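Beneath this line is the structure, given in structure tokens, with notes to follow.
Numbering (the working numbering), first residue to last: 1070 to 1456.
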């Protein structure tokens, strides 16, 4: 039996970085970037107006001029002509190119347009270069704006679009088979008898991986029949990059998963972790290096093992850094055990649970802490439902 930290180390050590693929930027939300994104030009690429108003030369203002003949109107997206006379002005819009010869913007709220002139209001006060963003002020051509290895969210997509990245290099998503085992399980689309259990673990695992956007998933169910299980897993080991099984890994008469995996050449890395819940957790590698997770079947055990071990594995596999959160608990923890305890928490307080089969208690929590009774500390490793 290994410790949680040792199990974590073994699992991450086996994680291989998935290959790169190039996809449309519009489909890259949540994907992990595998190239540096650099600016294709200065940002902004020109001296830009930050206000609607008039563009003038500050020198004319400093000499006492307050009424400026309007030479032209410059909207955004148009190349302007230079200012003809230093005494003139150009009506300019936000985002427009500053005409050559101008070095100051007076906002529209501070002027009155009269015929072909703009008159400044009596209370107007200005400074040279006001409301102008100079070319390259936000970044120079060639500057790295997004570094490889980050997960792409809406702001990053906008940045990539701003430098013309119509297609972008990202980690290929692993294809993962999520497999429930057990004759007692009935799919949610079918009627359930009193002595049966609805299949929920697979849907929770699929939701977790889709929420984290770390894998593409497909759900399967295997009966407690070694022959059928062996046939099904043979196909899945060939078709998928990784397998996540739920149930069938304990010491019961019908817990066939470890034995069947051994028959298929999947080498066991460990079986049982000194933790509660989730002690029967199994992990191994196929001959081709594909990772196989055997999670305990109780719902709380399944989900806690998935958050604690499966998610870090896939984060590393797609190139993400793994960052550990820590929180304090506002009440005294009285759980005394040689096993590491995973305790549900909500806003820093413990959540009462009926055990690893009490999946309803998961709704009352925001995540869980990893607690070891022999340690004296104020902050505990924390795993949030929001991956």
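No residue lacks a Cβ here, since even glycine has one placed at the ideal position from N, Cα and C.
As the structure is a computational prediction, the values presented were derived from the model and not from experiment.
{"Item": "Proximity below 8 Å, CB of residue 1124 to CB of residue 1159", "Value": "yes"}
{"Item": "Residue 1292 beta carbon less than 8 Å from that of residue 1252", "Value": "yes"}
{"Item": "Through-space distance from residue 1204 to residue 1083, alpha-carbon basis", "Value": "48 Å"}
{"Item": "Whole-angstrom distance between residue 1156 and residue 1134, CA atom to CA atom", "Value": "8 Å"}
{"Item": "N-terminal and C-terminal residue of the alpha helix (DSSP H) that residue 1435 is part of", "Value": "Note, residue 1435: premise wrong, no alpha helix (DSSP H); not H, not E."}
{"Item": "Bridge partners - residue 1088, DSSP secondary structure assignment", "Value": "None; residue 1088 has no bridge partner."}
{"Item": "Start and end residues, alpha helix (DSSP H) containing residue 1385", "Value": "1380-1386"}
{"Item": "Below-8 Å beta-carbon distance, residue 1148 vs any chain B residue", "Value": "The structure shown has no chain B; it contains just one protein chain."}
{"Item": "Residue 1138 - containing beta strand (DSSP E), residue span", "Value": "1136-1143"}
{"Item": "Cβ pair count under 8 Å reaching 3, the stretch 1345-1354 against the stretch 1366-1374", "Value": "yes"}
{"Item": "Residue of 1439, 1275, 1417 minimising C-alpha distance to residue 1404", "Value": "1439"}
{"Item": "When 1081, 1362, 1443, 1239 are compared against residue 1247, the one with the closest alpha-carbon", "Value": "1362"}
{"Item": "From 1384, 1290, 1171, residue whose alpha carbon lies closest to that of residue 1269", "Value": "1290"}
{"Item": "Under 8 Å between C-beta atoms of residue 1186 and residue 1137", "Value": "yes"}
{"Item": "Close-in-space but distant-in-sequence residues of the same chain around residue 1097 (CB under 7 Å, 5 per side omitted)", "Value": "1221, 1226, 1237, 1239"}
{"Item": "Those runs of the alpha helix (DSSP H) which lie wholly inside the stretch 1088-1174 and span at least 4 residues", "Value": "1127-1131"}
{"Item": "Where residue 1229 sits in the DSSP three-state scheme", "Value": "helix"}
{"Item": "Buried/exposed call for residue 1364, threshold 16 Cβ in 10 Å", "Value": "buried"}
{"Item": "Residue from 1110, 1078, 1081 with nearest C-alpha to residue 1231", "Value": "1110"}
{"Item": "Residue 1142 classed as buried or exposed, judged by whether at least 16 other C-beta atoms fall within 10 angstroms", "Value": "exposed"}
{"Item": "Cβ contact (3+ pairs, closer than 8 Å) linking the stretch 1196-1212 and the stretch 1147-1156", "Value": "no"}
{"Item": "Run of the beta strand (DSSP E) containing residue 1284, from where it starts to where it stops", "Value": "No beta strand (DSSP E) contains residue 1284, which DSSP labels as neither H nor E."}
{"Item": "C-alpha distance - residue 1319 paired with residue 1297, whole-angstrom precision", "Value": "19 Å"}
{"Item": "Closest by C-alpha distance to residue 1244, when choosing among 1309, 1264, 1190", "Value": "1309"}
{"Item": "Nearest-angstrom Cβ-Cβ length linking residue 1451 and residue 1411, presumed shorter than 8 Å", "Value": "Not a contact, Cβ separation roughly 11 Å."}
{"Item": "Segment contact flag, the stretch 1088-1097 with the stretch 1208-1215, C-beta cutoff 8 Å, min 3 pairs", "Value": "no"}
{"Item": "Range of the contiguous alpha helix (DSSP H) that encloses residue 1077", "Value": "1073-1082"}
{"Item": "Residue 1262 - DSSP class collapsed to helix/strand/coil", "Value": "coil"}
{"Item": "Beta-carbon proximity check, residue 1070 vs residue 1342, cutoff 8 Å", "Value": "yes"}
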